[in-house]
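Chains A and B supply the protein sequences, listed in that same order.
For the first sequence, the numbering used here begins at 1 and goes up steadily by one.
For the second sequence, the numbering used here begins at 1001 and goes up steadily by one.
Here the structure comes first, spelled out in structure tokens, and everything after it is commentary.
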Amino acid sequence: MLHNKAVIAVAAVFSIVSVSALAQYKPSKPVEFVTHTGPGGGGDVLARFIANAIEKENIAPIRMQVVNKTGGGGLTAMAYLAEKKGDDHTIAIFTGLWFTNPLMRKEAKFAMKDLTPIVRLVTEPALVAVKADSPTKTLKDFIDAAKQKPGEMKQSGGSIGSRDWLVRQVLMKNTGANWAYISFPGGGERIAAVLGGHVNMMVIEPQEAGEHIRAGNMRVIAQVAEKRLQAYANVPTIKEAGFDVINVPQVRGIVAPPGIPADAIKYWEDLFAKLIETPTWKKYLADNQFESAYLRSAEMGKFGDSYSEITRNILTEGGVKVAR
Amino acid sequence: MDVISGLMQGFAVALTPGNLMWCFVGCFLGTVIGILPGLGPAATIAMLLPLTFKMPATSAVIMLAGIYYGAKYGGSTTSILLNVPGESASVVTCLDGYQMARKGRAGAALGIAAIASFIAGTVGVVGLMLIAPPLAKFGLQFSSPEYFALMVMGLAMVVLLAGASMIKALLAMMVGLWIAGIGTDLFTAESRFTFGNSEMLDGIDFVVVAIGIFALGEVIGNMERREEGQLLPVPKGFRNLFPNWEELKACRFAFINGSIVGFLIGVLPGAGSTIASFLSYGLEKAVSKHPEKFGTGVPEGVAAPEGANNSETGGAMVPLLTLGIPGSGTTAILLAAFILWGLKPGPLMIQDNPQLFWGLVASMYIGNVVLLVLNLPMVPLFAQILKLPVHVLYPVIFGISIVGVYSVSGSLFDTAMLAVFGLTGYLMRKLDYPSAPLILGLVLGDSMERALRQSLMMSQGNLSILWSRPISAIMLAIAVLILLLPLMRSVDAWRLKAIEENG
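Dropping the structure here:
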């Protein structure tokens, strides 16, 4: 692992040398920082946090202006970025939705491969939670119940193609069980459905679940993560619970418009490499129980390709029409 | 007494000069953005959030909450004066508020809106303070079937919003329901009526439709009638700019109705203030002695929705503070803010941070007084806007509408949609179709469809889930009663006529 990093670092140093001989990119005016969520949404909060942290830690010569390009589940923001071809003063924050949504929508004019990958920043683990007084003690209990009474167990979650839906699909395929998936647009409604006993289970972010667990209203039966989270050291991951399925992470990172100069890519890679070392960032990750998953542009591109492939398969197997 | 000592502690927190100042700042900012159409409290709070990182959490909560409930005070101003709904929840205020303004009672309407907001806002805080935890538990019993029944009850209001022709009202409602159906289907990820436009995948923003149909439709219609030179009457004399005793007396029930309906709807995470304002308007009209006058400028038609809109804030704080469940866009941002300040919103927050909870409650009492003091003196000033000649006023309304819509999404596509709905509004006026049922269909359509399909997924397609649960059964029964109301009235009319003829 360490060795790998060293190799990458060396390679990166070489690429700096070769590029910086030509020109040294530095932003010269405020940078537009695009997010597809409206004010207060997940992407928006993260974008504003990053813009602030960069300012506070004083690691960039300019200010970053958060721009909300809402609509079409990220498609509007993607199109906005794609049309700014060559603009090296615009970056955007992406989520897993930016991979899945273009696959599902024939209206999409652009996909992630039309944009310039910059860095991957974090992956967000999740928990499989039930109401505290539920008879379901383990993930196996839930799956068994679902097998016994097909369609009667219920999960509350987001829209089709969201991470909670993907987790359900891989689990159902692996076990042959079948349970209902009830979409709620708001995170609050999903939790309310579990706490009110109207559904049996949900996939929830650790930070969202924390207080409900501490108050004894909710219980965690498994975690959607590669390795156990510190705060839930005695709860098995899905794999450890005996279900050998691929881990579906929620990812977030940075992309830029297509066709920007190599030294601009380099500049952003380095800026975010600096950001993730700051105490402000580390505290943010700890508070939200995100996992640092920094990848530079080239690997981020590869990751994107494989992520698209995996989700494409899950979608087609789940009976969703794939548009491209 | 826990409550009294808690409240004393809260006032001790809220009355420190610093917190008092932040409360004022929040209320002031809220009023301003409430007046500006488009830019809502959610966006404002998100933008100001970074500024609060250096503040103590309690001061920050006090300020941001001030923006939240302050915006609801301000929202009525443009509805009443210009027929431009400032926020989605003040659409209903247009119905009678703007008509009052046209009759020269703009000042009275603004004053009643402020007073209703004050009373209901305060009742909302009392509710939050006294019965939050048990009420939050009750709210959890609501799930999709109950929400469906609630929406049906709301939709039944159409019979109360209809003008001369019930058929036209129903048609307008259907169009509203159709517009609500545009966009991505939540359950199958299928696109509906998007015509290949990615801009339409999220559906059509409510604000675009409301501003187009109300504000632009009205202006275009008036331009055609060549109202130029004919100013709206603004009475002279300071006293005539405020509501008179009769008007206030007419609002007695509306103040109570708005306060209670708004608070109860606010507690439910899946409802929202727009529904609250429609329901309380409908209720007000249903029990009124002169329902036929609604829509022509009756003060209680302003007081009920404005009250509901404001006590909804107190209600929405209940699930947020006691369960950590946000019910609306704005409370979701407040939740995000709590986390960024290092607080842990959830079932234990009040217990862990009593000074924050009680400080906030106390500041909301103070904030409501601040808002009343801030808003009432502005009433005569705002009423003067109507003295502008129409060749100045109409372009101003156009400008405000376009900027308002653009500021929501920053998309030119929405601005084009605004033009479409402006023309729709004009045609509806010309052909005598009421616009309120369309808006009602649009507000309820989306959540109603969602609730119905969620219910059926829960019951595996068995329709009986809708009436086998007690709460939803009661609400469905009320909906049927509302639908039968006009029928009973006409039966009554026949009966009286028959008696007359016989006698």
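Note that the Cβ used here is the ideal one computed from N, Cα and C, for glycine as well.
Bear in mind that the values here come from a model prediction, so they are computed numbers and not experimental data.
Three-state secondary structure (DSSP) of residue i
{"i": "E277(A)", "result": "coil"}
{"i": "Y307(A)", "result": "helix"}
{"i": "K131(A)", "result": "strand"}
{"i": "A222(A)", "result": "strand"}
{"i": "A293(A)", "result": "strand"}
{"i": "Q250(A)", "result": "strand"}
{"i": "V1025(B)", "result": "helix"}
{"i": "L1496(B)", "result": "helix"}
{"i": "E124(A)", "result": "strand"}
{"i": "I118(A)", "result": "strand"}
{"i": "V31(A)", "result": "strand"}
{"i": "M201(A)", "result": "strand"}
{"i": "V235(A)", "result": "coil"}
{"i": "N68(A)", "result": "strand"}
{"i": "K1168(B)", "result": "helix"}
{"i": "L1348(B)", "result": "coil"}
{"i": "Q24(A)", "result": "coil"}
{"i": "Q148(A)", "result": "helix"}
{"i": "V245(A)", "result": "coil"}
{"i": "N217(A)", "result": "coil"}
{"i": "L81(A)", "result": "helix"}
{"i": "R324(A)", "result": "coil"}
{"i": "K137(A)", "result": "coil"}
{"i": "K266(A)", "result": "helix"}
Listed by chain order, chain D residues near residue i by CB distance under 9 Å
{"i": "P279(A)", "result": "Absent from the structure: chain D. Protein chains present are A and B."}
Under 9 Å by beta carbon: chain A residues contacting residue i
{"i": "D1202(B)", "result": "T70, G71, G72, G73 and T76"}
{"i": "T1052(B)", "result": "Correct list: empty, because the minimum Cβ distance to chain A is about 11 Å."}
Beta carbon of residue i nearer than 7 Å to that of residue j
{"i": "L139(A)", "j": "I221(A)", "result": "yes"}
{"i": "A209(A)", "j": "P125(A)", "result": "no"}
{"i": "P1305(B)", "j": "T1093(B)", "result": "yes"}
{"i": "G1297(B)", "j": "K1103(B)", "result": "yes"}
{"i": "G953(B)", "j": "T1031(B)", "result": "Look at the range of chain B in this structure, 1001 to 1503, and you will see that residue 953(B) is not part of it."}
{"i": "P1269(B)", "j": "G1327(B)", "result": "yes"}
{"i": "L1360(B)", "j": "V1061(B)", "result": "yes"}
{"i": "N68(A)", "j": "G38(A)", "result": "yes"}
{"i": "E107(A)", "j": "G1212(B)", "result": "no"}
{"i": "L103(A)", "j": "G74(A)", "result": "no"}
{"i": "V34(A)", "j": "E269(A)", "result": "no"}
{"i": "G1183(B)", "j": "D1202(B)", "result": "yes"}
{"i": "A1089(B)", "j": "N1375(B)", "result": "no"}
{"i": "A1156(B)", "j": "L1483(B)", "result": "yes"}
Partners in chain A for residue i, counting only beta-carbon separations shorter than 7 Å
{"i": "R1189(B)", "result": "This sequence places Ala at residue 1189(B); Arg is not what is there. The contacting residues are M104, S159, I160, G161 and V320."}
{"i": "S1409(B)", "result": "T70 and G71"}
{"i": "I1325(B)", "result": "G188, I191 and A192"}
{"i": "G1270(B)", "result": "E189"}
Interface residues of chain B facing residue i [CB-CB closer than 8 Å]
{"i": "Q207(A)", "result": "I1339"}
{"i": "A79(A)", "result": "S1198"}
{"i": "N52(A)", "result": "P1050 and F1053"}
{"i": "G210(A)", "result": "K1344 and G1346"}
Residues that residue i bridges to, as DSSP identifies them
{"i": "G1315(B)", "result": "In DSSP, G1315(B) forms no bridge with anything."}
{"i": "S183(A)", "result": "G157(A)"}
{"i": "I93(A)", "result": "I254(A)"}
{"i": "G1183(B)", "result": "R1192(B)"}
Contact list for residue i against chain A, beta-carbon separation under 8 Å
{"i": "M1458(B)", "result": "K154, A180, I182, H198 and V199"}
{"i": "Q1454(B)", "result": "I182, S183 and F184"}
{"i": "Q1141(B)", "result": "G196"}
Residue i: contacting residues in chain B (beta-carbon distance under 7 Å)
{"i": "E107(A)", "result": "S1191, T1194, G1196, N1197, S1198 and L1201"}
{"i": "N217(A)", "result": "P1347"}
{"i": "G151(A)", "result": "Q1460"}
{"i": "E291(A)", "result": "Neighbours of E291(A) on chain B: none; closest Cβ ~18 Å, over 7 Å."}
Per-residue contacts from residue i into chain B (C-beta, under 9 Å)
{"i": "R214(A)", "result": "K1344, G1346, P1347 and L1348"}
{"i": "D287(A)", "result": "I1339, L1340 and G1342"}
{"i": "R312(A)", "result": "None at all; the shortest Cβ gap to chain B is about 14 Å."}
Ordered list of alpha helix (DSSP H) runs contained in the segment 1352-1432 of chain B, each at least 4 residues: 1354-1375, 1378-1383, 1390-1409 and 1412-1430
Secondary structure, alpha helix (DSSP H): runs of 4+ residues fully inside the segment 1030-1110 of chain B: 1041-1048, 1057-1082 and 1091-1102
Whole alpha helix (DSSP H) elements within the segment 1207-1289 of chain B, 4-residue minimum: 1217-1224, 1245-1250, 1252-1267 and 1273-1287
Within the segment 1445-1475 of chain B, ranges of the alpha helix (DSSP H) (whole runs, at least 4 residues): 1465-1468
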